[in-house]
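K.L.:
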Amino acid sequence: MVDFTDKWLPTYIRRDLAVLFCGINPGRVSATAGFHYANPANLFWRGLYEGGLTPRKLLPEETAFLLDYHYGITDLVSRPTRSSVDLREEDYSLGAEQFVQMVQTYRPRVICFNGITAFRHASGQKKGDVILGIQPQRYFSTQDWAGSYVFVIPSTSGANASFTREERLAMFGQLSLFLREQGWHPLHAQTN
């Protein structure tokens, strides 16, 4: 039997994504199942649906369908662990470097970080307060690209005791509203 730490999850990405969702790293349940956010205690899939980002609640094994809605999904660190506290600084450094290269290649309109820690390590903003929701500046720009908007939500992990379930689920609705305001919401496309 293959140990879960040897099972890495795929990244689902392409050009012209409305949102690239980025978590910290795969946990034991997700790595074992082979799908993002497979732990039933995780609020991610429920949040997408209740926030109006998908027309129905997708199952973890339907992760590839996110691309149909112009969403992608990845993790900052590919290496699965029982808990993110098991990650080392070199995991974060390598993960952030690879993440920035990927973002600059595929150029998603919005990156939604599932967790403040993922945002801190990807952006290099390791100190200071982080506001939830849309960030005041774009990130990961290049000479010929202004960068992605960044939206930060509290971790949807069942282990997150810092925010209530309701607070975490409400952030998906705020992301949905931002996409509608920009005319980028896949389920509410504007005709101009």
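Straight run, no breaks: the sequence shown in the working numbering ends on number 1404.
Ideal placement from N, C-alpha and C gives every residue a C-beta, glycine not left out.
1. Looking at cysteine 1324: is its Cβ nearer than 8 Å to the Cβ of phenylalanine 1256?
2. Can you say whether glycine 1327 is buried or exposed, counting buried as having 16 or more other CB atoms within 10 angstroms of its CB?
3. What residues match up with isoleucine 1285 in a beta bridge as DSSP calls it?
4. Distance, Cα to Cα, leucine 1391 vs histidine 1397?
5. Between glycine 1359 and phenylalanine 1331, what straight-line distance do the alpha-carbon atoms span, to the nearest angstrom?
6. Could you check where the beta strand (DSSP E) with valine 1364 kicks off and where it finishes?
7. Counting only runs of 4+ residues fully inside the segment 1374 to 1404, write out the alpha helix (DSSP H) ranges in chain order.
8. Do you know offhand how far proline 1222's Cα is from threonine 1286's?
9. So, for glycine 1264: in the same chain, excluding its five sequence neighbours on each side, which residues have a beta-carbon less than 6 Å away from its beta-carbon?
10. Can you grab the Cα-Cα spacing for the pair proline 1292 / threonine 1275, in whole Å?
11. So, at 6 Å on beta carbons, what are the nonlocal neighbours of phenylalanine 1247 in its own chain, with the 5 sequence-adjacent residues on each side left out?
12. Quick check: the Cα distance between valine 1289 and glutamate 1393, rounded to an integer number of angstroms?
13. Along the chain, which unbroken stretches of the beta strand (DSSP E) at least 3 residues long are found entirely within the segment 1255 to 1336?
P.N.:
With the structure as the only source:
1. One-based indexing of the sequence shown puts residue 1324 at position 112. One-based indexing of the sequence shown puts residue 1256 at position 44. Cβ distance not < 8 Å, so cysteine 1324 and phenylalanine 1256 don't count as in contact.
2. Reading the sequence shown from its first residue, position 115 is the one you call residue 1327. Counting C-beta atoms within 10 angstroms of its own C-beta, glycine 1327 has 16 or more neighbours from the protein chains shown and is therefore classed as buried.
3. In the sequence shown, counting from the first residue as 1, residue 1285 sits at position 73. For isoleucine 1285, which the question treats as bridged, DSSP gives the partners Tyr1224, Phe1233.
4. For the purposes of this step, residue 1391 is taken as residue 179 along the sequence shown, with counting starting at 1. For the purposes of this step, residue 1397 is taken as residue 185 along the sequence shown, with counting starting at 1. Distance between the alpha carbons of leucine 1391 and histidine 1397: 5 Å.
5. Position 147 of the sequence shown, counting from 1, holds the residue named residue 1359. Position 119 of the sequence shown, counting from 1, holds the residue named residue 1331. Using only the alpha carbons, I get a separation of about 15 Å.
6. Here residue 1364 corresponds to residue number 152 of the sequence shown, with the count starting at 1. 1361 to 1365 is the extent of the beta strand (DSSP E) around valine 1364.
7. 1377 to 1394
8. For this step, residue 1222 is matched to residue 10 along the sequence shown. For this step, residue 1286 is matched to residue 74 along the sequence shown. Cα to Cα, proline 1222 sits roughly 7 Å from threonine 1286.
9. Here the question's residue 1264 lines up with position 52 in the sequence shown. The residues are Ser1388.
10. On the sequence shown, position 80 is the one that residue 1292 refers to. On the sequence shown, position 63 is the one that residue 1275 refers to. The alpha-carbon atoms of proline 1292 and threonine 1275 are separated by roughly 17 Å.
11. Residue numbering aside, residue 1247 sits at position 35 when the sequence shown is read from its first letter. Excluding positions up to five away in sequence, the list reads Pro1272, Glu1273, Thr1275.
12. Against the sequence shown, residue 1289 aligns to sequence position 77. Against the sequence shown, residue 1393 aligns to sequence position 181. So the alpha carbons of these two residues sit roughly 31 Å apart.
13. 1283 to 1287, 1322 to 1326
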